[in-house]
């Protein structure tokens with residue numbers, strides 16, 4: 569990790585070493601955290617910056633826990649590449665590519681989520697079936713911490729029964745297939761697909777740490793300029809603070825960084 573170097577300096581290194589790419593998380597990075605996922609809005613200045621960068625580097629894209637189609641609709645730029653469901657699917661050039669291994673688990677994801685819903689209908693929860701994964705949001709609960717502690721054992725029991733994996737995010741638990749795919753594998757695959765020499769990735773949550781770690785490992789293995797930029801907010805997980813290469817302050821800082829090459 570190289571936190572003594574600023575995020576703008578790292579972005580400059582990436583742009584000076586083409587072919588280059590810029591990837592970003594969405595929620596909490598270019599969109600402020602909303603009470604409900606459907607209420608999220610990508611900041612217009614972020615959209616403008618990404619559109620401008622798409623004419624300057626080989627790859628610009630969003631890597632999200634949302635489905636790829638949802639991410640594309642939210643950002644609203646067809647020239648970008650969208651990796652959704654934590655690297656289990658990619659939308660590009662009008663086509664959606666999904667992991668065959670993950671697809672096998674979609675019935676289990678749906679069944680597990682339905683069974684959970686039947687037992688917890690009035691907890692202020694929002695259940696989101698994203699096809700290849702599912703999210704159980706507890707941000708809307710009257711006492712989110714107590715609700716999380718109460719529902720996690722039930723989620724873990726269902727995950728065991730259906731041979732799924734439970735992961736944690738900010739105010740959300742997720743059910744995923746037991747496949748070795750993540751934001752980390754996604755950023756590396758995209759680097760390889762587009763034959764990039766350098767890349768920068770922005771993110772704010774636990775799942776983004778997978779990308780930070782993957783880029784650091786790539787840098788250690790083959791050199792080059794592949795960096796993770798943490799987006800610090802009010803409740804940034806400690807792992808983000810420990811493992812990002814540099815930081816910006818909130819969504820505003822992410823937008824300022826994306827606009828800095830202008």
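Residue numbers (our numbering): 569 to 830.
Heads up, the beta-carbon is just placed ideally off N, CA and C, and yes, glycines get one too.
Where residue i sits in the DSSP three-state scheme
i, result
"residue 573", "coil"
"residue 871", "This structure leaves residue 871 out entirely; the chain is present only between 569 and 830."
"residue 800", "strand"
"residue 545", "Any property of residue 545 remains undetermined from this structure, which presents the chain solely from 569 to 830."
"residue 630", "strand"
"residue 821", "helix"
"residue 597", "coil"
Spatial neighbours of residue i in its chain, beta-carbon cut-off 8 Å, leaving aside the 5 residues before and after
i, result
"residue 664", "636, 637, 657, 658"
"residue 647", "619, 622, 628"
"residue 688", "719, 722"
"residue 712", "706, 739"
"residue 685", "695"
Cα-Cα separation between residue i and residue j, rounded to whole angstroms
i, j, result
"residue 681", "residue 603", "21 Å"
"residue 783", "residue 573", "16 Å"
"residue 608", "residue 791", "37 Å"
"residue 596", "residue 819", "7 Å"
"residue 708", "residue 717", "15 Å"
"residue 655", "residue 612", "25 Å"
Residues near residue i in its chain [Cβ-Cβ closer than 7 Å; skip 5 each side]
i, result
"residue 683", "726"
"residue 746", "731, 732, 733"
"residue 781", "752, 811"
Supposed contact pair residue j and residue i - C-beta distance, whole angstroms, cut 8 Å
i, j, result
"residue 902", "residue 617", "Residue 902 cannot be examined here, being either before or after the span of the chain that is shown, 569 to 830."
"residue 808", "residue 776", "7 Å"
"residue 692", "residue 710", "6 Å"
"residue 598", "residue 592", "6 Å"
Neighbourhood of residue i by C-beta distance below 6 Å, restricted to the same chain and skipping five residues each side
i, result
"residue 817", "800"
"residue 581", "793"
Open item on the list: Three or more C-beta pairs under 8 Å: does that hold for the stretch 763-771 against the stretch 664-677?
Closed with: no
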